[in-house]
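Enquirer: Numbering (this note's numbering), first residue to last: 1 to 1278.
In this text, a Cβ means the ideal position worked out from N, Cα and C, and glycines have one as well.
Predicted model, so just to flag it, every value in this text is computed and none were measured.
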């Protein structure tokens, strides 16, 4: 009653539903403990009475079962308490449910019964209930005459074993005879029953214990029956359950072998007679694979994979013969990720069988693989990406070379782009798989479809390297020792190392591909490129890209990783890549080798050998390191930077030496130095190692990789040379060259070699055919030879000659510098200058070089010597050079007599140097006997030359001119006497002067200018000192006989013409200063001139018109305002007016008072304020004052006085002070000033100016070289 009341008290909406769960006619008798206290309010007692009642409708029973199932799902613990409170009631309830299951044919009620029974059994967890249920199932199956009604029982058993896996063992052990009933169900012509049996079998075989007990059952009965059932299955349920059972069977090798052996027997029987009824497993799976159901396709592929996992080599043939790969490739186009992934797995295993490739399955399916890979990369399934790339890599790796995989370059391009996208994946595992595929893709047979797409390959390699570079630059978070994140960092470094290794392997394959294509003419460039198009898609461009990529990406990545960890395999592949690049880009190997050497790669290779290759360990790494060092050394030695290339014989000897010696070296730096220093008897093998070590140190040092102590290496090389000398051995020339270079490089700045070592070097050098074979162009080597007297005496000349042969650019640079410039010297030249300052005697060797070397070398020596003398005026070497030059010149004159100019092509260079040395001499020096002797020899040399020998005469005239003007007055007279005594020199000058009018614009204008300057100097000395020439000169435009005491005749018309035409007029004007009154040189009228007028007779040989023409010409030159030319013009005007005034004073006054002189002064004074303080203007004003030209200087005298009074005279140069002093004296003497105040001002100025003017002297260095012509400013001015 309480139960009924409780039921009656339910709320309205749910009351009818829950009331339907109760059996109204009996519920009132039931105790409340059988009623579930929560909704749905099920009553166990009502269910026990209602469900077996025949009069209750199936709908009502179904509703009750459904309510009970819902209660179990929602309130499992309450329902379990409800059922378990009485064990008998519980067992009765289960038996009742099982009876309902067996007796009702309604499928929905059957499913509910099975579900409730499974839930109750699993929730109760009572052995007794399980045994009860198993017993009921056993009885039911055994009592059935046929399997027609067994579906529900079989389904229950399958699901029960699935829910309670331990029941599988119990069922097989305690109810073993059920297996026979299962076989009956498997042959029963109802696919539902067969599906239930397969499902139950699948659950039984999922237990290893049960599977082992059922082994015999399977072998004898189930195996053939199962294969035929699966082959004949039509419903999806049976097909799926068969595949499920097959998956369980395939977990065990034994069952898998039975199935495949049975299939093999069936195949062999079919091939003989072909009896119907039995189908081998591969064909069964193929049939399911070809179905349109994706689930069956996936399961079939998974079953194939399960078979192949056990032994691909053993079982792959059966599937390949069944053409399964073809359909697997087709399924790769599916949109199902699971199906594609399953096909990937299956194909990966099939790829282990060579028949897979020989039957061209890969050629058929490669396009599907590439397309599938492209599609999968757009998905977000990392595992799918990895499997696809793994399959692609397997195909690319295992594809036989003779079977072309890519039949067109378009397919190859698509594959490369897919790999490029894959390697750029942010997921490291995907990128790592892509690296393996790329490495396999870069094979010659995969890229042989023409045209070879080098730009695509380049993009692929670049993407691969960029991905690795991104990874290597990711920072690592290091924590204190032992921290967990440190372990993570270590693992990250290991991952980076593996990724880097795979990247390098791919790059190495790219390099190998380039090397292989070099032997294929058809692969050199794209044959379909237009002839006019820029050929970028070529092997050469690809090869240069590889070199550039290695330089910019590979090397930085590897060196960055080398700082974090050491991985021998990484370094082995890396060095093999570098080795291959020497071959790939032969025209760049020299530059590449030098960059590697400068980047410490010699040290790196030696460190690797010392660390890993001692003994027999890491022999492959040792071989790679040795090969890399060998190729780099040969490349560096074949094309050295600052030494001549070795002969083929020398290179072959060193090549053989390195090939044998490098693999034997595995010592660190100190150990190598100790081996090199060994002075005891050295065996041949050890000596070869010494040679190799020394070459390695040499190449490293010259490329600034100094990984051993300089001092220790210096001592080791000395010991090595002494050891060679002790044993009487001669090293290869390249080894000896390296030794000498190392000694020079490692020697301390102020240190010297032991005498024994110097003797050893001298002995080895004396046995050398030519020094250039062991010469290295380096300032320190030059220092080594020049600062050791024994070496300098014996080899200094040749070493300097070799040094200058390498200094073309430095000498050209110096030659282009103006004389007054002081730019920074090239380092090599600065080093030579330092040596020259410390040992000036080396200058004699340089002088000999100028004399004896080829012209180009001699010219460089001259340039360097000129620069040295110009920059080091404190170094007094004039006497040393002049004395040596005197010996050379005497030798030439003695040996070659009248034609020394043809004896040496370098004689002009020697004379240039002599003139330069003379030019830098101080003035007012007495000429000693050597200087006078040198003057005599040079004049004698000039006398042997013709006017055409300008290269000899120009420096000779400069030297003679400088010698005359850079000495004391007494020495000048002596020098002039020596020169005037040379008849040949005078005759040469006469010829040169005669060419003045004939060679206007000639390149010999400078030489003619020097001739006029020299003539003017002789005339001046003759005028001052009454020197007697051997004869007097005659000069005319037309040929004249030159006889003794004949006067030098100069036609005035030619002089006037020359003043307007010749470029270098200063020299001519300087000569004319003396010619107007010279006893040595005389002016003549023109030959066609009419007889002179009576008033012109006193001026003969000049006439009044010619005087005026000369004055006008000189005024025109003054207007040009050239300082040097102005001085010469004023001097010439002074000489002309003196000449005219002595013969006709009124003509001189007339010339001085011409109106245009006033205009000339205006023009000259327009230059600016105080422009009259220029010495040439002051001299001109003094000249006008002297000849009483007051109209010309009406105001200028006052301006000069006022300017002098207001100017600080101490700031004026000496020449200006002298000119100003002369001007004031002339004004005062002429009495032109009547104003008393002006006179006082003038007197005060004179008193303050006279001491200064008396002290003012010409500049000590007034000799200049203008356009190759030596000019004395004092000579021109005075």
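Tell me residue 1269's beta-bridge partners as DSSP assigns them.
Expert: As a first step, residue 1269 is located in the chain shown; it is residue number 1269 there, counting from the start. In the DSSP output, where bridge partners are listed per residue, residue 1269 has 1266.
Enquirer: For residue 693 versus residue 672, is the C-beta spacing smaller than 7 Å?
Expert: By 1-based counting over the chain shown, the position of residue 693 is 693. By 1-based counting over the chain shown, the position of residue 672 is 672. It is a contact, given that the beta carbons lie within the stated cut-off.
Enquirer: List the DSSP bridge partners of residue 967.
Expert: Numbered from 1 along the chain shown, position 967 holds the residue referred to as residue 967. Partner(s): 925.
Enquirer: Let me check understanding here. Comparing Cα to Cα, which of 537, 214 and 472 lies closest to residue 458?
Expert: The count along the chain shown starts at 1 and reaches residue 458 at position 458. The residue with the shortest Cα to Cα distance from residue 458 is 537.
Enquirer: What are the complete alpha helix (DSSP H) segments, minimum 4 residues, inside the region 433-495?
Expert: Here the runs fully enclosed are 454-472.
Enquirer: If we ignore side chains and look at the alpha-carbon of each, how far apart do residue 651 and residue 733 end up?
Expert: In the chain shown, the residue the question calls residue 651 occupies position 651. In the chain shown, the residue the question calls residue 733 occupies position 733. Computed Cα separation, rounded: 10 Å.
Enquirer: Verify whether the separation of the beta carbon atoms of residue 243 and residue 196 is less than 7 Å.
Expert: Counting from one through the chain shown, the residue named residue 243 turns up at place 243. Counting from one through the chain shown, the residue named residue 196 turns up at place 196. No; because the gap between Cβ atoms is not below 7 Å, this pair is not in contact.
Enquirer: I want to know whether the region 394-411 touches the region 346-366 - three or more CB-CB distances under 8 Å.
Expert: Counting Cβ pairs under 8 Å, three or more are found: they touch.
Enquirer: Straight-line CA distance for residue 380 to residue 455?
Expert: Counting from 1 along the chain shown, the entry for residue 380 is found at position 380. Counting from 1 along the chain shown, the entry for residue 455 is found at position 455. About 29 Å.
Enquirer: Pull up the CB-CB distance for residue 844 and residue 868, whole angstroms please, since I reckon it's below 8 Å.
Expert: Within the chain shown, numbered from 1, the residue matching residue 844 stands at position 844. Within the chain shown, numbered from 1, the residue matching residue 868 stands at position 868. At roughly 14 Å, the Cβ-Cβ gap does not stay under 8 Å, so residue 844 and residue 868 are not in contact.
Enquirer: What ranges does the alpha helix (DSSP H) occupy inside the region 559-638, keeping only unbroken runs of at least 4 residues that lie completely in it?
Expert: DSSP runs (the alpha helix (DSSP H)) wholly in the region 559-638: 568-584, 589-598, 601-612 and 619-638.
Enquirer: Relative to the C-alpha of residue 248, which residue among 258, 201 and 222 is closest?
Expert: As a first step, residue 248 must be located in the chain shown, where it is residue number 248. Per the Cα distances, 201.
Enquirer: Taking all protein chains shown into account, decide if residue 467 is buried (16 or more other Cβ within 10 angstroms of its Cβ) or exposed.
Expert: Indexing the chain shown from 1 puts residue 467 at position 467. Looking at its Cβ environment, which holds 16 or more other Cβ atoms inside 10 Å, residue 467 is buried.
Enquirer: Would you tell me roughly how many angstroms separate the C-alpha atoms of residue 675 and residue 689, rounded to the nearest one?
Expert: Looking up residue 675 in the chain shown gives position 675. Looking up residue 689 in the chain shown gives position 689. For residue 675 and residue 689, the distance between alpha carbons rounds to 8 Å.
Enquirer: By a C-beta neighbour count over all protein chains shown, 10 Å radius and 16 as the cutoff for buried, is residue 550 buried or exposed?
Expert: Looking up residue 550 in the chain shown gives position 550. Per the 10 Å Cβ criterion, buried.
Enquirer: Check this for me: beta carbons of residue 385 and residue 423, under 7 Å apart or not?
Expert: As a first step, residue 385 is located in the chain shown; it is residue number 385 there, counting from the start. As a first step, residue 423 is located in the chain shown; it is residue number 423 there, counting from the start. No, these two residues do not count as a Cβ contact at 7 Å.
Enquirer: Rounding to the nearest angstrom, what Cα-Cα distance links residue 591 and residue 800 in this structure?
Expert: Within the chain shown, numbered from 1, the residue matching residue 591 stands at position 591. Within the chain shown, numbered from 1, the residue matching residue 800 stands at position 800. Going by the C-alpha atoms only, they are around 28 Å apart.
Enquirer: First and last residue of the alpha helix (DSSP H) that includes residue 751?
Expert: Start at 1 with the first residue of the chain shown, and residue 751 comes out as number 751. Premise fails: residue 751 is in no alpha helix (DSSP H) and is neither H nor E.
Enquirer: To the nearest angstrom, report how far apart residue 737 and residue 774 are at their CA atoms.
Expert: Numbered from its first residue, the chain shown carries residue 737 at position 737. Numbered from its first residue, the chain shown carries residue 774 at position 774. So the alpha carbons of these two residues sit roughly 4 Å apart.
Enquirer: Entirely within the region 349-399 and at least 4 residues each: give me those alpha helix (DSSP H) ranges in chain order.
Expert: Taking only runs of at least 4 residues, the alpha helix (DSSP H) segments lying wholly in the region 349-399 are 355-358, 361-376 and 382-398.
Enquirer: Considering only their Cβ atoms, is the gap separating residue 606 from residue 581 smaller than 7 Å?
Expert: Within the chain shown, the letter at position 581 stands for residue 581. Within the chain shown, the letter at position 606 stands for residue 606. No, the pair does not count as a contact, with Cβ atoms beyond the cut-off.
Enquirer: Using only the alpha-carbon positions, how far apart do residue 1174 and residue 1127 sit?
Expert: Translated into positions along the chain shown, residue 1174 becomes position 1174. Translated into positions along the chain shown, residue 1127 becomes position 1127. Rounded to the nearest angstrom, the two C-alpha atoms are 10 Å apart.
Enquirer: Could you check whether the region 341-351 touches the region 387-400, counting it as contact only if at least three pairs of C-beta atoms, one from each stretch, sit closer than 8 Å?
Expert: Enough Cβ pairs lie closer than 8 Å, so yes.
Enquirer: Compute the Euclidean distance between the alpha carbons of residue 257 and residue 221, then round it to the nearest angstrom.
Expert: To locate residue 257, count along the chain shown from 1; it is residue 257. To locate residue 221, count along the chain shown from 1; it is residue 221. Answer to the nearest angstrom: the Cα atoms are 16 Å apart.
Enquirer: Name the DSSP bridge partner or partners of residue 43?
Expert: Here residue 43 is taken as the residue at index 43 of the chain shown, counted from 1. For residue 43, which the question treats as bridged, DSSP gives the partners 35.
Enquirer: Looking at residue 162: is its Cβ nearer than 7 Å to the Cβ of residue 209?
Expert: Position 162 of the chain shown, counted from the start, is the residue given in the question as residue 162. Position 209 of the chain shown, counted from the start, is the residue given in the question as residue 209. For residue 162 and residue 209, no; Cβs fall outside 7 Å.
Enquirer: Just how far apart, CA to CA, sit residue 127 and residue 88?
Expert: Counting from one through the chain shown, the residue named residue 127 turns up at place 127. Counting from one through the chain shown, the residue named residue 88 turns up at place 88. Each residue's alpha carbon lies about 14 Å from the other.
Enquirer: On the premise that residue 178 lies in contact with residue 167, defined as a C-beta separation below 8 Å, what is that separation, rounded to the nearest angstrom?
Expert: Taking the first residue of the chain shown as 1, we reach residue 167 at position 167. Taking the first residue of the chain shown as 1, we reach residue 178 at position 178. Not quite, the Cβ-Cβ distance comes to about 12 Å (not below 8 Å), so this is no contact.
Enquirer: Roughly how many whole angstroms lie between the Cα atoms of residue 522 and residue 583?
Expert: The residue labelled residue 522 in the question sits at position 522 within the chain shown. The residue labelled residue 583 in the question sits at position 583 within the chain shown. Roughly 19 Å between the two C-alpha positions.
Enquirer: Kindly list the residues whose CB is nearer than 6 Å to the CB of residue 1271, restricted to its own chain and excluding five residues on each side of it in sequence; keep chain order.
Expert: As a working mapping, residue 1271 is identified with position 1271 in the chain shown. Result list for residue 1271: 1264, in chain order.
Enquirer: Using a threshold of 7 Å, state whether the C-beta atoms of residue 691 and residue 735 are closer than that.
Expert: Translated into positions along the chain shown, residue 691 becomes position 691. Translated into positions along the chain shown, residue 735 becomes position 735. In this structure, residue 735 lies closer than 7 Å to residue 691 by Cβ.
Enquirer: Is it right to say residue 1030 is buried, meaning 16 or more other beta carbons lie within 10 angstroms of its own, or is it exposed?
Expert: Along the chain shown, one-based indexing puts residue 1030 at 1030. Its pLDDT being 48, under 50, residue 1030 is placed unreliably in this model, and the value from its coordinates should be taken loosely. Exposed, because fewer than 16 other Cβ atoms sit within 10 Å of the Cβ of residue 1030.
Enquirer: Specify the secondary structure class of residue 943 as computed by DSSP and reduced to three states.
Expert: Locating residue 943 in the chain shown gives position 943, counting from the first residue. Three-state result, residue 943: helix.
Enquirer: Tell me whether residue 705 is buried or exposed, calling it buried when 16 or more other Cβ atoms sit within 10 Å of its Cβ.
Expert: Counting from 1 along the chain shown, the entry for residue 705 is found at position 705. By the neighbour-count rule (16 or more Cβ atoms within 10 Å), residue 705 is buried.
Enquirer: Please determine, among 939, 373 and 250, the residue with the shortest C-alpha to C-alpha distance to residue 315.
Expert: Looking up residue 315 in the chain shown gives position 315. Selected option, being the one with the closest Cα: 250.
Enquirer: Mind checking residue 1156: buried by the 16 CB within 10 Å criterion, or exposed?
Expert: Translated into the one-based positions of the chain shown, residue 1156 becomes position 1156. Exposed.
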